[in-house]
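Mapping of the sequence shown onto this note's numbering: residues 99 to 218, in sequence order.
We put the beta carbon where it would ideally sit given N, CA and C, even for glycine.
One structure below.
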Amino acid sequence: MRKVKECYLKILKIELEDLKDDIEQLIEETRKEKDAGKLTNYVFFQNIALFKNELLGLNVFEGIIESTNPEDFDNLDEMIVHLKERFFKKIKTLGLAEAIRVYVGRKMTKAKRYVVERRV
99 MRKVKECYLK ILKIELEDLK DDIEQLIEET RKEKDAGKLT NYVFFQNIAL FKNELLGLNV
159 FEGIIESTNP EDFDNLDEMI VHLKERFFKK IKTLGLAEAI RVYVGRKMTK AKRYVVERRV
């Protein structure tokens, strides 16, 4: 079971990097739209602020992952509950965008499905 939990965290980190790349791509696309005159300054800066807030949320979650010891949990589900509780609490206390909860939740589900189906 320890190997499953460790593998889950590794896959989750990879998934978060993928999500970061997606957000960076959105920032670049938003800049292009602004340069093409398709966005007002107001909309441009609001969008960039949201994307940066989401990136901050991902960095916070990565810190939580790094400080999580898989050996402290009896099973994968217990560790996942711990990660979610800590992250969702940070979202509120730091005023992070609520959308990041959905994005990270999807990545967590995807990583769990992978390790459970593969029986790592």
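For the pair residue 110 and residue 129, the Cα-to-Cα distance works out to about 29 Å.
Residue 198 counts as buried, since at least 16 other C-beta atoms from the protein chains shown sit within 10 angstroms of its C-beta. Residue environment: residue 209 is assigned as buried (16 or more neighbouring CB atoms within 10 Å of its CB, all protein chains considered). Under the three-state reduction of DSSP output, residue 173 falls in the coil class, being neither helix nor strand.
Your pair residue 156 and residue 114 checks out as a contact, with CB atoms roughly 6 Å apart and the cut at 8 Å. About 5 Å separates the CB atoms of residue 159 and residue 185; that is less than 8 Å, so the two are in contact.
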